[in-house]
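Enquirer:
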Amino acid sequence: MNETELKALLSRIRPADSAAKAAAKERQSKLAKPPGSLGALEEISVRLAGITGHVCNRIEKTRIVVFAADNGIVAEGVASTPQSVTLAQAINMTRGKTGMSAIARNFGIDVEVIDVGINSDSVPETILDRKLGLGTANFSKQPAMTRSRAVDALAIGIEAAERAHNSGADALGIGEMGIGNTTTSAAVLACLLNLPVESVTGRGSGLTDEGFKLKKRVISDAVALHKPNGADVLDVLSKVGGFDIAAMAGAFIGCALFGLPAVADGLISVTAALAAVRLCETVRDFIFLSHASYEIGYRAAAAELGMEPWLNLNMRLGEGSGCPVAFQVMRAACAAMNDMATFEEARINDNYLENIRNESAFCVKTV
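Residue numbers (my numbering): 1 to 367.
(1) Hey, is the stretch 165-185 in contact with the stretch 55-64, meaning 3+ C-beta pairs nearer than 8 Å?
(2) Using beta-carbon positions only, say whether Gly-180 and Ile-73 come within less than 8 Å of one another.
(3) Nearest-angstrom Cα distance between Arg-203 and Ser-290?
(4) Would you call the stretch 272-290 and the stretch 194-202 in contact, with 3 or more CB pairs under 8 Å?
(5) Taking Arg-105 as the reference, which of Arg-95, Val-113 and Ile-114 has the closest Cα?
(6) Using only the alpha-carbon positions, how far apart do Gly-370 and Ala-40 sit?
(7) Spatial neighbours of Ala-57 within its chain, please: C-beta separation below 6 Å, excluding the five flanking residues on both sides.
(8) Asp-121 by DSSP, collapsed to three states: which one?
(9) Using alpha carbons as the reference points, say which of Gly-133, Leu-237 and Ala-186 lies closest to Ala-143.
(10) Determine the direct distance from the alpha carbon of Met-93 to that of Leu-225, and round the result to whole angstroms.
(11) Which runs of the alpha helix (DSSP H) spanning at least 4 residues fall entirely within the stretch 293-320, listed in chain order?
(12) Span of the beta strand (DSSP E) holding Val-66?
(13) Tell me which same chain residues have a C-beta within less than 7 Å of the C-beta of Gly-178, skipping the five on either side of it?
(14) Are the beta-carbon atoms belonging to Gly-250 and Gly-157 less than 8 Å from one another?
(15) If you run the structure through DSSP and keep just helix, strand and coil, what is Ala-169?
(16) Using beta-carbon positions only, say whether Phe-327 and Phe-107 come within less than 8 Å of one another.
(17) Would DSSP call Thr-271 helix, strand or coil?
(18) Can you say whether Asn-2 is buried or exposed, counting buried as having 16 or more other CB atoms within 10 angstroms of its CB?
(19) Given a cut-off of 8 Å, decide if Ala-32 and Phe-343 are closer than it, judged by their beta-carbon atoms.
(20) Out of Ala-102, Val-218 and Ala-300, which has the shortest C-alpha to C-alpha gap to Ser-140?
(21) Using the Cα positions of Asn-349 and Cys-255, report the straight-line distance between them to the nearest angstrom.
(22) Residues in its own chain within less than 6 Å of Asp-129 by CB, not counting five upstream and five downstream?
(23) Around the Cβ of Leu-134, are there at least 16 other Cβ atoms within 10 angstroms (buried) or fewer (exposed)?
(24) For a test of the three-state rule: what should DSSP assign to His-54, helix, strand or coil?
(25) Tell me which residue opens and which closes the alpha helix (DSSP H) that Leu-289 is part of.
(26) Could you give the distance in angstroms between the alpha-carbon of Glu-354 and the alpha-carbon of Ser-37?
(27) In its own chain, which residues sit with a C-beta less than 6 Å from the C-beta of Ala-90, not counting the 5 before and 5 after it?
(28) How should Gly-117 be labelled, buried or exposed, when 16 other C-beta atoms within 10 angstroms of its C-beta is the threshold for buried?
(29) Could you tell me the alpha carbon to alpha carbon distance between Ala-371 and Glu-60, rounded to whole angstroms?
(30) Thinking just about the alpha-carbon of each residue, which of Ser-80, Thr-81 and Arg-14 is nearest to the one in Gly-53?
(31) Please tell me whether Arg-147 and Leu-257 are closer than 8 Å, where the distance is taken between their beta carbons.
(32) Using C-beta distances below 7 Å, list every residue in its chain close to Ala-155, excluding the 5 sequence neighbours before and after it, in chain order.
(33) Got a sec? Which residues, its chain only, sit under 8 Å from Asp-285 by beta carbon, not counting five neighbours each side?
(34) Taking the straight line between their C-alpha atoms, what separation do you get for Ala-164 and Leu-132?
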């Protein structure tokens with residue numbers, strides 16, 4: 001896929017079905033409960049209706065796709081974890097032995113791990129091979145990748161979403177594995193949001209005070225060197241991004257293209273979601289935020305998306321670990337929408353709610 005083909009593909013994405021959302025809101029108003037009393041569960045059910053075109057939905061088959069890649073910037077000492085852990089944990093994900101995959105296995109969730117740039121030629125066949133290189137270049141010295149490689153990564157993500165859709169998945173969680181990707185995420189966010197590097201950079205998996213200062217300085221110097229155009233997502237991704245972030249952005253785009261609810265995890269995932277929305281605003285209609293990551297940059301990205309995460313568990317693992325928990329929240333939202341009795345079915349006179357329903361504070365809010 002080239003840039004012209006990417007633009008043509010983005011033009012095919014259609015917004016959420018407003019009529020279905022209106023019908024879902026109408027059903028919510030008739031369910032036997034005080035207006036708005038199920039909070040975010042009501043909002044989720046309405047947004048799902050907009051995606052599927054159906055008022056009542058089920059979240060039964062789910063998948064988490066993980067894009068694994070290494071980042072050349074780790075050569076600058078910005079990560080406390082050895083680069084070899086990328087491959088080790090990607091393998092462990094296929095065995096159900098990482099945080100995300102253990103939770104996913106417990107809930108019967110399918111996990112697909114894709115190599116988009118692990119720095120190894122010895123990646124097992126249990127990991128899907130879509131390798132774009134042995135990691136990105138060290139962007140403190142040169143661009144992380146070419147623009148065409150960034151487009152290639154987007155295409156891989158779109159393909160993954162299509163594969164999930166064709167498998168019958170009702171929702172797709174989007175995760176990652178790549179040492180150094182909190183550094184790339186901070187760099188991408190600083191450029192997309194035109195914010196100081198310090199305001200979006202956290203300690204990642206753990207850095208000393210000196211290491212944290214180094215991380216912020218390395219990112220700041222790289223942004224000053226390459227001067228990415230924040231209005232050009234491909235320019236940002238190619239200069240200071242990662243193969244994983246670009247592929248994840250593609251997965252969010254693919255979910256919008258194929259009408260699949262897309263669940264974001266933490267910092268890296270929400271950074272990719274923002275990149276996808278900057279490429280095509282309509283993608284926003286298909287994105288759900290699972291949890292409030294402990295990483296500082298997450299807050300800025302979520303605010304820019306105009307979304308509130310459902311859960312606050314002080315998590316910062318990454319991998320897609322918030323997604324399996326979020327799927328259960330989505331199931332709860334569907335269960336209430338589908339199976340609750342209406343006032344009429346419950347034989348309750350709801351006239352007493354007439355004034356309350358006219359108050360905006362009790363209305364179902366949706367993005």
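Here a beta-carbon is modelled for each residue, glycine too, at the ideal position from N, C-alpha and C.
Expert: To lay it out plainly:
(1) yes
(2) Sequence index remark: in the sequence shown, residue 180 carries index 180 (1-based). Sequence index remark: in the sequence shown, residue 73 carries index 73 (1-based). Cβ distance < 8 Å, so Gly-180 and Ile-73 count as in contact.
(3) Along the sequence shown, one-based indexing puts residue 203 at 203. Along the sequence shown, one-based indexing puts residue 290 at 290. Approximately 21 Å between the Cα atoms of the pair.
(4) no
(5) Start at 1 with the first residue of the sequence shown, and residue 105 comes out as number 105. Among Arg-95, Val-113 and Ile-114, the Cα nearest to that of Arg-105 is on Arg-95.
(6) As shown, the chain starts at 1 and ends at 367. That puts residue 370 outside it, with no answer to give.
(7) Within the sequence shown, numbered from 1, the residue matching residue 57 stands at position 57. Ala is not the amino acid found at residue 57; the sequence shown has Asn there. These residues qualify, in order along the chain: Leu-48 and Cys-334.
(8) The count along the sequence shown starts at 1 and reaches residue 121 at position 121. Here Asp-121 sits in coil by DSSP.
(9) In the sequence shown, residue 143 corresponds to position 143, counting from 1. Checking the sequence, you will find Pro at residue 143 rather than Ala. The shortest C-alpha separation from Pro-143 is found at Leu-237.
(10) Against the sequence shown, residue 225 aligns to sequence position 225. Against the sequence shown, residue 93 aligns to sequence position 93. Taking the straight line from one Cα to the other gives about 36 Å.
(11) 296-305
(12) Mapped onto the sequence shown, residue 66 falls at position 66. From DSSP, the beta strand (DSSP E) with Val-66 extends over 62-69.
(13) Within the sequence shown, residue 178 is the residue found at index 178, counting from 1. Closer than 7 Å at Cβ, skipping near neighbours: Ala-68, Ala-69, Asp-70, Asn-71, Thr-86, Gly-242 and Asp-244.
(14) Walking along the sequence shown from the start, residue 250 turns up at place 250. Walking along the sequence shown from the start, residue 157 turns up at place 157. It is a contact, given that the beta carbons lie within the stated cut-off.
(15) Numbered from 1 along the sequence shown, position 169 holds the residue referred to as residue 169. Residue state, collapsed to three classes: coil.
(16) As a working mapping, residue 327 is identified with position 327 in the sequence shown. As a working mapping, residue 107 is identified with position 107 in the sequence shown. Contact flag set, yes.
(17) Here residue 271 is taken as the residue at index 271 of the sequence shown, counted from 1. The answer is helix: DSSP assigns Thr-271 an H, G or I state.
(18) As a working mapping, residue 2 is identified with position 2 in the sequence shown. By the 10 Å Cβ count, Asn-2 comes out exposed.
(19) For the purposes of this step, residue 343 is identified with residue 343 of the sequence shown, where counting begins at 1. For the purposes of this step, residue 32 is identified with residue 32 of the sequence shown, where counting begins at 1. Yes, the pair counts as a contact, with Cβ atoms nearer than the cut-off.
(20) In the sequence shown, the residue the question calls residue 140 occupies position 140. When only C-alpha atoms are compared, the closest one is Val-218.
(21) Taking the sequence shown and counting its residues from 1, the one referred to as residue 349 is at position 349. Taking the sequence shown and counting its residues from 1, the one referred to as residue 255 is at position 255. About 41 Å.
(22) Within the sequence shown, the letter at position 129 stands for residue 129. Cβ neighbours of Asp-129 beyond the five flanking positions: Asp-115.
(23) As a working mapping, residue 134 is identified with position 134 in the sequence shown. Label assigned to Leu-134: exposed.
(24) Counting from 1 along the sequence shown, the entry for residue 54 is found at position 54. In the structure shown, His-54 sits in coil (DSSP, three-state: anything other than H, G, I, E or B).
(25) The residue labelled residue 289 in the question sits at position 289 within the sequence shown. Segment 287-289 is the beta strand (DSSP E) holding Leu-289; no alpha helix (DSSP H) there.
(26) Start at 1 with the first residue of the sequence shown, and residue 354 comes out as number 354. Start at 1 with the first residue of the sequence shown, and residue 37 comes out as number 37. Distance between the alpha carbons of Glu-354 and Ser-37 is about 15 Å.
(27) For the purposes of this step, residue 90 is taken as residue 90 along the sequence shown, with counting starting at 1. Around Ala-90: Ala-68, Val-113, Ile-127 and Met-177.
(28) Within the sequence shown, the letter at position 117 stands for residue 117. It is buried - the Cβ of Gly-117 has at least 16 other Cβ atoms within 10 Å.
(29) Here the chain comprises residues numbered 1 to 367, so residue 371 is not present and cannot be evaluated.
(30) Start at 1 with the first residue of the sequence shown, and residue 53 comes out as number 53. Minimum Cα distance to Gly-53 is reached at Arg-14.
(31) To locate residue 147, count along the sequence shown from 1; it is residue 147. To locate residue 257, count along the sequence shown from 1; it is residue 257. Not a contact, by the Cβ cut-off of 8 Å.
(32) One-based indexing of the sequence shown puts residue 155 at position 155. The residues are Met-1 and Gly-250.
(33) Position 285 of the sequence shown, counting from 1, holds the residue named residue 285. Closer than 8 Å at the Cβ level, and outside the excluded window around Asp-285, lie Pro-15, Ala-16, Arg-47, Gly-50, Ile-51, Ala-256 and Val-367.
(34) Mapped onto the sequence shown, residue 164 falls at position 164. Mapped onto the sequence shown, residue 132 falls at position 132. Taking the straight line joining both Cα atoms gives about 21 Å.
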